[in-house]
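Enquirer:
In this note's numbering, the protein residues as written are 3 to 501.
#1: With a CB to CB cut of under 7 Å and the five nearest residues on each side skipped, what residues in its chain are close to residue 343?
#2: Which runs of the alpha helix (DSSP H) fall wholly inside the region 60–144 and span at least 4 residues, in chain order?
#3: Give me the Cβ distance between residue 287 and residue 331, rounded to the nearest whole Å; I'm assuming they're in contact under 8 Å.
#4: CA-CA distance, residue 461 and residue 278?
#5: Between residue 91 and the rest of its own chain, which residues show a CB-CB distance below 6 Å, the 5 nearest in sequence each way excluded?
#6: Take the Cβ of residue 324 as the centre, count every other Cβ of all protein chains shown within 10 Å, and call the residue buried at 16 or more, exposed below.
#7: Evaluate the contact criterion for the region 78–92 versus the region 156–175: three or more CB pairs, one atom per stretch, below 8 Å.
#8: DSSP three-state label for residue 188, please.
#9: Could you tell me the distance, in whole angstroms, from the CA atom of residue 18 to the CA atom of residue 114?
#10: Quick one: grab the DSSP three-state call for residue 177.
#11: Suppose you measure from the CA of residue 466 to the CA of residue 158; what does that come to, to the nearest Å?
#12: Check each candidate in 405, 210 and 485 and name the one with the smallest Cα separation from residue 427.
#13: Pick from 443, 406 and 73: whose alpha carbon is nearest that of residue 473?
#14: For residue 6, count neighbouring C-beta atoms within 10 Å of its own C-beta (all shown protein chains included) and say buried if the count is 16 or more, exposed if not.
#15: Does residue 109 pass the burial test, meaning 16 or more other C-beta atoms within 10 Å, or should it be called exposed?
#16: Quick one: is residue 3 buried, meaning 16 or more other Cβ sit within 10 Å of its Cβ, or exposed?
#17: For residue 254 and residue 156, what's the separation of their Cα atoms in angstroms?
#18: Within the same chain, show all residues whose beta-carbon is closer than 6 Å to that of residue 112, passing over the 5 residues directly before and after it, in chain order.
#19: Secondary structure at residue 466, three-state DSSP: helix, strand or coil?
#20: For residue 418, count neighbouring Cβ atoms within 10 angstroms of its own Cβ and tell me buried if that reaches 16, exposed if not.
#21: Can you check which of these residues, 233, 227, 226 and 305, is closest to residue 260 by C-alpha distance?
#22: Is there contact here, the region 47–63 with the region 205–222, by at least three beta-carbon pairs under 8 Å?
#23: If you count every other CB in all the chains shown that lies within 10 Å of the CB of residue 231, and 16 or more means buried, which is it?
#24: Note down, in chain order, each residue of its chain lying with its Cβ closer than 7 Å to the Cβ of residue 172, except the 5 sequence neighbours on either side.
#25: Classify residue 52 as buried or exposed, calling it buried when 16 or more other Cβ atoms lie within 10 Å of its own Cβ.
#26: Name the residue from 243, 366, 357 and 444 whose alpha carbon lies nearest to the alpha carbon of residue 347.
#27: So does the region 392–404 actually touch the region 294–309, counting three or more Cβ pairs closer than 8 Å?
#28: What separation, rounded to the nearest whole angstrom, lies between the Cα atoms of residue 237 and residue 32?
#29: Return the first residue and the last residue of the alpha helix (DSSP H) that residue 292 is part of.
#30: Going by the CB atoms, is the gap between residue 169 and residue 12 shorter than 8 Å?
#31: DSSP has residue 238 in a bridge; who is on the other side?
#32: From what residue to what residue does the alpha helix (DSSP H) around residue 18 run?
#33: To the nearest angstrom, report how far apart residue 43 and residue 320 are at their CA atoms.
#34: Once you ignore the five residues that flank residue 488 on each side, which residues in its own chain have a CB closer than 7 Å to its CB?
Structure representation (structure tokens):
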């Protein structure tokens, strides 16, 4: 019998890159993480250095193999998941980036997006993409790069794509330039019915199809490794999905009506709507969840996301020096047992779903001379939970049903206080799985299906084991008071910024 095989999974996130080895039982054998620089050239602008991202991936692969003692030859296939919408421009011959990547959080294209709204293009774009006009998506970022970066404008071998396509190009020594349907659906350039680049959208955003990657299924063969020092040539890349779709897959939410919330840099709720796309009446997004190579139809999802989740905890850590490690926020918040009337609206990059008001910024309300660090930390966690109440209420209204439970994952889902708050304010069961890193497991599961490492979804579903269930402990009257106070705070933030 030969040596055991493993899936190498890469999760290229907003603040760091995680690389993991997953075995045939669906367990993470070992994972490593490396943070990289966040670049803020101007207020509201966010960038990453693509070369630093690539080096973090190489470092992760090298470290996970070294620490595990697993040989590169034991890797059956590779899966990739990534921060979505972030746009990268690079030279198609050398693979070198031509500009810093414009991150999904970046708001530099607000004026461009406002002009599109003035041209009454919102309905056309929504019908084709399921997305609202907003700087969040790749389309306006790509347009900005094409207009404003001298290196991008001059380059004759130009390639532009999301992070997955950049990594696939690098891993295959330029042999493959592809993206999957879930990532392509977030560019605002793909028609989510045809699953192809759309001529009308390309014209609106002034993007040439020839600079974009080829769109394919989430479990297809994206290419094989070549020219790498850390891996032998010939290892297939057989699974790719955007981070939120990968988390939905990693949660085993394969059935219509199943939903998950990922607490990461932002927090995102996705609900599986099956092969039918649901158009929202409440400013939520319709997106492609995934398409498996043996299935005729894609699986769609209804999505609502809050731009700021873990990022607000990082802000308390890095800018206000409340604690040295983000996981210390739970202990700090527990000291006061309440926010003592303080409300925090973490709109650092505007209000996202279901409001979509990009000019709004964050506010604190209810501060007194006696307000403590603990009160502010508590208010921060409350805000993360309350944002999700707004999103899930809108989602339930769109679907005409009430969800009985919500599955959760992501780094902040380890925070028991946060999840108890979430159960309290939603008045629903919150289900946490044993492995909260569902995103990277989703990438591994997709890759394993694509390479034949696992046979089917039923085999994978067995790996999604329960850790803990949180139920509401809050009296209805207290819940109503808290939710009413939150709504007033949102209104104050909007009024202050002229809305």
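No residue lacks a Cβ here, since even glycine has one placed at the ideal position from N, Cα and C.
These numbers were taken from a predicted model, which means no experiment stands behind them.
Expert: Let me lay it out:
#1: The residue labelled residue 343 in the question sits at position 341 within the chain shown. Cβ neighbours of residue 343 beyond the five flanking positions: 368.
#2: Complete alpha helix (DSSP H) runs here, min 4: 112–120 and 124–131.
#3: In the chain shown, counting from the first residue as 1, residue 287 sits at position 285. In the chain shown, counting from the first residue as 1, residue 331 sits at position 329. Rounded, the Cβ-Cβ distance is 29 Å, inconsistent with contact.
#4: Walking along the chain shown from the start, residue 461 turns up at place 459. Walking along the chain shown from the start, residue 278 turns up at place 276. Residue 461 and residue 278: Cα-Cα distance of roughly 25 Å.
#5: By 1-based counting over the chain shown, the position of residue 91 is 89. Short of 6 Å from the beta carbon of residue 91, and not among the five residues preceding or following it, lie these beta carbons of its own chain, in chain order: 100, 101, 147, 154 and 162.
#6: Within the chain shown, the letter at position 322 stands for residue 324. Classification of residue 324: buried, given that the 10 Å Cβ count is 16 or more.
#7: Result yes; three or more Cβ-Cβ pairs closer than 8 Å.
#8: Here residue 188 corresponds to residue number 186 of the chain shown, with the count starting at 1. Collapsing the DSSP output to three states places residue 188 in coil.
#9: Position 16 of the chain shown, counting from 1, holds the residue named residue 18. Position 112 of the chain shown, counting from 1, holds the residue named residue 114. One C-alpha to the other measures close to 29 Å.
#10: One-based indexing of the chain shown puts residue 177 at position 175. The answer is coil: DSSP assigns residue 177 none of H, G, I, E or B.
#11: Numbered from its first residue, the chain shown carries residue 466 at position 464. Numbered from its first residue, the chain shown carries residue 158 at position 156. So the two alpha carbons sit approximately 47 Å from each other.
#12: Translated into the one-based positions of the chain shown, residue 427 becomes position 425. Put simply, of 405, 210 and 485 the residue whose alpha carbon is nearest the alpha carbon of residue 427 is 485.
#13: Working through the chain shown from its first residue, we reach residue 473 at position 471. Put simply, of 443, 406 and 73 the residue whose alpha carbon is nearest the alpha carbon of residue 473 is 406.
#14: One-based indexing of the chain shown puts residue 6 at position 4. Flag for residue 6 reads exposed.
#15: Taking the first residue of the chain shown as 1, we reach residue 109 at position 107. When all chains shown are included, residue 109 counts as buried.
#16: Against the chain shown, residue 3 aligns to sequence position 1. Residue placement at residue 3 is flagged as unreliable, the pLDDT there being 40, under the threshold of 50; the coordinate-derived value follows with that caveat. So residue 3 ends up on the exposed side.
#17: For the purposes of this step, residue 254 is taken as residue 252 along the chain shown, with counting starting at 1. For the purposes of this step, residue 156 is taken as residue 154 along the chain shown, with counting starting at 1. Taking the Cα positions, residue 254 is about 45 Å away from residue 156.
#18: Against the chain shown, residue 112 aligns to sequence position 110. Cβ neighbours of residue 112 within its own chain (closer than 6 Å, five residues either side excluded): 137 and 360.
#19: Sequence index remark: in the chain shown, residue 466 carries index 464 (1-based). Three-state result, residue 466: coil.
#20: Counting from one through the chain shown, the residue named residue 418 turns up at place 416. Residue 418 is exposed by the Cβ-count criterion.
#21: Taking the first residue of the chain shown as 1, we reach residue 260 at position 258. Of the residues 233, 227, 226 and 305, the one whose Cα lies closest to the Cα of residue 260 is 305.
#22: Fewer than three beta-carbon pairs drawn from the region 47–63 and the region 205–222 are found closer than 8 Å, and the two stretches are therefore not classed as touching.
#23: Counted from its first residue, the chain shown places residue 231 at position 229. Per the 10 Å Cβ criterion, exposed.
#24: Residue 172 sits at position 170 when you count from the first residue of the chain shown. Hits under 7 Å: 56 and 97.
#25: Here residue 52 refers to the residue found at position 50 when the chain shown is read from its first residue. Counting Cβ neighbours within 10 Å, residue 52 comes out buried, since at least 16 surround it.
#26: Here the question's residue 347 lines up with position 345 in the chain shown. Per the Cα distances, 366.
#27: Counting Cβ pairs under 8 Å, three or more are found: they touch.
#28: Start at 1 with the first residue of the chain shown, and residue 237 comes out as number 235. Start at 1 with the first residue of the chain shown, and residue 32 comes out as number 30. Each residue's alpha carbon lies about 19 Å from the other.
#29: Position 290 of the chain shown, counting from 1, holds the residue named residue 292. Unbroken run through residue 292 is the beta strand (DSSP E), 287–292; no alpha helix (DSSP H).
#30: Mapped onto the chain shown, residue 12 falls at position 10. Mapped onto the chain shown, residue 169 falls at position 167. Against a cut-off of 8 Å, the Cβ pair of residue 169 and residue 12 comes out as a contact.
#31: As a working mapping, residue 238 is identified with position 236 in the chain shown. Under DSSP, the beta-bridge partners assigned to residue 238 are 226.
#32: As a first step, residue 18 must be located in the chain shown, where it is residue number 16. Element bounds for residue 18: not the alpha helix (DSSP H) but the beta strand (DSSP E), 18–24.
#33: Sequence index remark: in the chain shown, residue 43 carries index 41 (1-based). Sequence index remark: in the chain shown, residue 320 carries index 318 (1-based). The alpha-carbon atoms of residue 43 and residue 320 are separated by roughly 18 Å.
#34: Working through the chain shown from its first residue, we reach residue 488 at position 486. Taken in chain order, the residues that qualify are 345 and 388.
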